[in-house]
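As you go down the protein sequences, you meet chains A and B in turn.
Position one of the first sequence corresponds to residue 1 (the working numbering), numbered consecutively onward.
Position one of the second sequence corresponds to residue 431 (the working numbering), numbered consecutively onward.
Ideal Cβ placement from N, Cα and C applies to all residues, glycine included.
This one's a predicted model, so the numbers in the text were calculated from it and none came from an experiment.
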Amino acid sequence: MPERRTIVTDYLARVEGEGAMTVRLDGDRVEHVELRIFEPPRFFEAFLRGRSFLEAPDITARICGICPVAYQTSAVNALESLCGVEVPEPIRLLRRLLYCGEWIESHALHVYMLHAPDFLGYESAIELARDAPAAVERGLALKRTGNEVMTLVGGREIHPINVRVGGFYRVPTRRELRALVEPLERAREAALETVRWTAEFDFPERTVDCDLVALAQPGEYAIERGRIRSSGGLDLAPAEYEEHFEELHVERSNALQSQLRGGGTYLCGPLARYTLGSQELSPLALGAAAEAGLGAECRDPFRSIVVRSVELVHACDEALRLIEAYEEPDRPAEPVEPVAGTGYGVSEAPRGLLYHRYRLDAEGTILEAKIVPPTSQNQLAIEDDLRDVVGRNSALEDDALRALCEQTIRNYDPCISCATHFLALEVERR
Amino acid sequence: MSPRTVVIGVGNPLRGDDAAGVAVAERLRDRVPPGVEVVACAEEPSRLMEAWGDAETVVLVDTVASGAPPGTLHRFEAGDAPVPARAFRSSTHAIGLAETIELARALGRLPKRVLVYGIEGGGFATGEGLSPPVEDAVVAAAGIVLAGLEEERCTSAP
Numbered sequence: 001m002p003e004r005r006t007i008v009t010d011y012l013a014r015v016e017g018e019g020a021m022t023v024r025l026d027g028d029r030v031e032h033v034e035l036r037i038f039e040p041p042r043f044f045e046a047f048l049r050g051r052s053f054l055e056a057p058d059i060t061a062r063i064c065g066i067c068p069v070a071y072q073t074s075a076v077n078a079l080e081s082l083c084g085v086e087v088p089e090p091i092r093l094l095r096r097l098l099y100c101g102e103w104i105e106s107h108a109l110h111v112y113m114l115h116a117p118d119f120l121g122y123e124s125a126i127e128l129a130r131d132a133p134a135a136v137e138r139g140l141a142l143k144r145t146g147n148e149v150m151t152l153v154g155g156r157e158i159h160p161i162n163v164r165v166g167g168f169y170r171v172p173t174r175r176e177l178r179a180l181v182e183p184l185e186r187a188r189e190a191a192l193e194t195v196r197w198t199a200e201f202d203f204p205e206r207t208v209d210c211d212l213v214a215l216a217q218p219g220e221y222a223i224e225r226g227r228i229r230s231s232g233g234l235d236l237a238p239a240e241y242e243e244h245f246e247e248l249h250v251e252r253s254n255a256l257q258s259q260l261r262g263g264g265t266y267l268c269g270p271l272a273r274y275t276l277g278s279q280e281l282s283p284l285a286l287g288a289a290a291e292a293g294l295g296a297e298c299r300d301p302f303r304s305i306v307v308r309s310v311e312l313v314h315a316c317d318e319a320l321r322l323i324e325a326y327e328e329p330d331r332p333a334e335p336v337e338p339v340a341g342t343g344y345g346v347s348e349a350p351r352g353l354l355y356h357r358y359r360l361d362a363e364g365t366i367l368e369a370k371i372v373p374p375t376s377q378n379q380l381a382i383e384d385d386l387r388d389v390v391g392r393n394s395a396l397e398d399d400a401l402r403a404l405c406e407q408t409i410r411n412y413d414p415c416i417s418c419a420t421h422f423l424a425l426e427v428e429r430r
Numbered sequence: 431m432s433p434r435t436v437v438i439g440v441g442n443p444l445r446g447d448d449a450a451g452v453a454v455a456e457r458l459r460d461r462v463p464p465g466v467e468v469v470a471c472a473e474e475p476s477r478l479m480e481a482w483g484d485a486e487t488v489v490l491v492d493t494v495a496s497g498a499p500p501g502t503l504h505r506f507e508a509g510d511a512p513v514p515a516r517a518f519r520s521s522t523h524a525i526g527l528a529e530t531i532e533l534a535r536a537l538g539r540l541p542k543r544v545l546v547y548g549i550e551g552g553g554f555a556t557g558e559g560l561s562p563p564v565e566d567a568v569v570a571a572a573g574i575v576l577a578g579l580e581e582e583r584c585t586s587a588p
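Put into C-alpha cells, the structure is as follows:
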C-alpha cells in the first residue's frame with residue numbers, strides 16, 4: 001500500500017438527497033474531512049423576502065419532500081408567537097398528529113430503504129428486497145401509513161397544503177380520522193416488529209461525546225413544540241436560540257455549519273431526543289426500547305436505527321391516542337393580524353431541531369427569514385465522527401473504508417435534499 | 431380497480447429541469463384516452479408503486495443527466511431489463527427511478543410493460559422554470575407518449 005492514496009467515489013447512495021464528502025489520508029493520519037453541502041434553505045430565505053407572512057408555511061413546505069410538515073410547523077410556530085396567537089388545543093393536537101405521520105413516513109424510509117442494508121451487508125434495498133421481501137414490504141407499508149396520515153390531515157402527502165398561520169384551512173371530522181385507526185394499528189405492530197428486527201443487527205460499539213440538543217416539553221415526547229434543551233444544561237426559549245448557537249460559513253461550500261457559541265460541536269436528532277427525553281415515550285415504545293436493549297440514554301450513532309424504530313412505535317401509538325382524543329375545533333383557524341417584529345419557531349423534524357426566524361413589517365410582509373435545518377446543525381458532529389472512524393480504520397482497503405464512511409454518514413440520516421446538492425464521496429489517500 | 435395504463439411524470443418542480451417529467455404529466459392530464467390515468471409524482475418508491483398499482487402498462491417520464499445535450503429524449507423498455515441507473519441520478523431523492531423499478535421488480539410489483547422516457551436536463555439549480563431545449567422536449571415527449579397511447583388503444587380495441 002503506498003503511503004498516500006486517493007480513493008474517489010462520485011456518489012454516495014442511500015442518503016436522502018444529495019451531497020459530497022471528501023476524506024484525505026496521509027498514511028494513517030487523517031488530514032482532512034469535509035462534508036460539502038448545498039442548501040436550498042438559503043434560496044428559500046431569499047425567496048421568502050417580500051412575501052406575505054401567510055405564505056411562509058406553503059413556501060417552506062416545499063424545501064423538502066420528506067419533511068414538509070417540519071418546515072410548516074416551525075414557520076407557523078414562529079409567526080403565531082410573533083402575532084400573539086395561541087392555537088386552541090384541538091388544533092395543536094391535530095398538528096401533532098400530522099407531524100406523527102411525517103415521522104412515520106421519514107423514519108420508515110430511512111430505516112428500511114436507506115439504513116438497514118448497511119447492517120445486513122447489502123448494496124441497497126433492492127438486494128435486500130430480493131432476499132427479504134417481507135421485511136421491505138413491511139417498511140413500505142409503514143411508510144404508506146405515514147403518507148395516509150399526511151394526506152388526510154395535511155391535504156397532500158408530499159407538500160401538504162392544509163396548514164396555515166392560525167390553524168388549518170380545513171379540519172377533518174372525527175369520522176374521517178377514524179379511517180386511520182386500522183392502518184395505524186397495523187403500523188404499530190409493524191413498528192414493534194421493526195424494533196425487534198433492528199435490535200438483532202450487529203453494532204460496533206461507538207459513542208459520541210458531543211453535546212446533545214433536543215426540544216423538551218413536560219409530559220410529552222417533544223415533537224411540534226418545546227423548549228430547547230441540551231445535555232450540557234441549556235434550557236432555552238426558541239427566541240434565545242441564536243444567543244447560544246451560531247452558524248459559521250465554510251470555505252468551498254455554500255453551507256453554514258452550526259456550533260455552540262464559543263466553539264462546541266453538538267448533535268440533534270433521534271439520539272438527542274431519546275437521550276434527553278426517553279422517559280416521555282409511550283409505555284409501549286419504552287417497553288420496546290427496553291426489550292431491544294436500549295437504556296435510558298443512547299449515544300451510539302449505529303444504534304440510531306433502533307432509536308428511530310422505537311420512535312416509529314411512539315409515533316404510531318401517539319397518532320392513535322390523538323385520534324381517539326380528537327375533538328373537532330369550533331373553527332379551523334384563529335384570525336391572525338400581522339405584528340411588526342421578529343418571531344422565532346422550533347420543532348423536531350425527523351432528523352432533529354428545525355429553527356425558523358422571521359422579521360415582519362406591520363403589513364405582514366416578510367423582511368427577513370432565517371432557517372436552520374437539522375443537517376447543517378449536525379454537520380460538524382458528522383465530520384468529527386468520520387474523522388475518528390477513518391483514523392481508527394485507516395488500515396482497511398479502500399472499498400471497505402469507503403463503505404464504512406458511507407455507513408457512518410447514514411447513521412445520521414442527513415436530509416440532504418434540504419441541506420445538500422449531489423452527494424459524492426471522495427476518499428483521498430496521499 | 432387499477433386502470434390498465436398509468437402515465438407517471440416524475441420530478442421536482444423547484445429544481446429547474448428536474449420538473450420536466452411533471453410538466454409532461456401536466457400536458458397530458460386532459461388529453462389521454464379514457465382508461466389511462468395520469469399522475470405527477472415526486473419520485474420515491476412506495477408512491478410510485480402505489481401510483482401504478484396493478485396496472486398492466488406504466489409509462490414513466492423523468493429527467494435524466496447522462497451527459498447528452500439538454501432536451502435529448504431517451505426511451506427505455508424496463509419490463510424485462512433494468513434501465514441504466516446512472517442516467518437517472520438527477521433526482522433530489524437517493525432512491526431514484528431506476529432503483530424504484532428494480533425494487534418493484536424484486537418485490538414482484540412491476541407492471542408487465544414499463545416504458546421509461548428520459549428527458550435530458552441542462553440545469554438542476556434550485557428555482558422554477560425549464561430551460562428552452564427542455565421545454566421543447568417536454569412538448570415532444572408529451573406528443574410521443576400520447577401517440578403511443580392512442581396506438582395502443584387502437585390495436586387493443588375490441
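Residues are counted here when their Cβ sits less than 7 Å from a Cβ of chain B; for the stretch 118-141 of chain A these are S124, A125, I126, A129, R130, P133, V136, E137 and L140, given in chain order. Pairing Q257 (chain A) with Q407 (chain A) gives a Cβ-Cβ distance that is not under 8 Å. It is roughly 28 Å from the alpha-carbon of R308 (chain A) to the alpha-carbon of R357 (chain A). Within the same chain, I323 and Y326 come within 6 Å of L177 (chain A) by CB-CB distance, once the 5 residues on both sides are set aside. Secondary structure of A536 (chain B) (DSSP, three-state): helix. In the structure shown, the three-state DSSP call for A216 (chain A) is strand. The beta carbons of V575 (chain B) and V454 (chain B) sit closer together than 8 Å. Inter-residue distance for S124 (chain A) and G451 (chain B) is about 25 Å (C-alpha atoms, whole angstroms).
Shown here for I59 (chain A): same chain residues with a beta carbon closer than 7 Å to its own, the five before and five after excluded, namely F44, F47, L48 and R51 in chain order.
Residue-level contact by beta carbon holds for R62 (chain A) and chain B, with a gap shorter than 8 Å. For the pair P350 (chain A) and S106 (chain A), the CB atoms are nearer than the 8 Å cut-off. At least one C-beta of chain B is nearer than 8 Å to the C-beta of R144 (chain A).
Between A191 (chain A) and V313 (chain A), the CB-CB gap stays under 8 Å. If you look at G451 (chain B), you'll find it in the alpha helix (DSSP H) that goes A450 to L458. Within the stretch 243-297 of chain A, the runs of alpha helix (DSSP H) that reach at least 4 residues and sit entirely inside it are, in chain order, 270-277 and 283-291. By the C-beta density criterion, C298 (chain A) is buried, having at least 16 other C-beta atoms within 10 angstroms.
Exposure of E363 (chain A) is indicated by the presence of fewer than 16 other C-beta atoms within 10 angstroms of its C-beta. Counting of Cβ neighbours within 10 angstroms places Q279 (chain A) among the exposed residues, the total staying below 16. The C-beta of G446 (chain B) has 16 or more other C-beta atoms within 10 Å across all chains shown, which makes the residue buried. Bounds of the alpha helix (DSSP H) holding I104 (chain A) are E89 to A108. Counting other Cβ atoms within 10 Å of its Cβ, A187 (chain A) reaches 16 or more and is therefore classed as buried. About 7 Å separates the beta carbon of A536 (chain B) from that of P133 (chain A), a gap short enough to meet the 8 Å contact definition. The Cβ atoms of P338 (chain A) and F53 (chain A) lie closer than 8 Å to each other.
Listed in chain order, the alpha helix (DSSP H) runs fully inside the stretch 176-245 of chain A are 181-199 and 241-244, counting runs of at least 4 residues.
The beta-carbon of A450 (chain B) is placed no less than 8 Å from the nearest beta-carbon of chain A. By the neighbour-count criterion, in which a residue is buried when 16 or more other Cβ atoms sit within 10 angstroms of its Cβ, H32 (chain A) is exposed. Between L120 (chain A) and A481 (chain B), the alpha-carbon positions lie close to 29 Å from each other. With respect to chain A, the C-beta atom of L545 (chain B) has no partner C-beta closer than 8 Å. Residue state for V171 (chain A) is assigned as coil, using DSSP reduced to three classes. Taking C-beta separations shorter than 7 Å and ignoring five residues to either side along the sequence, the partners of S394 (chain A) in its chain run L25 and D28, following chain order. Distance from the Cα of K143 (chain A) is smallest, within the candidate group A:L386, A:D300, A:L93 and A:Y112, for A:Y112. Here G155 (chain A) carries a coil assignment [DSSP, helix/strand/coil].
In the DSSP assignment, Y71 (chain A) falls within the unbroken alpha helix (DSSP H) covering P68 to L82. With a contact defined as Cβ atoms closer than 8 Å, G277 (chain A) and A216 (chain A) qualify at about 6 Å.
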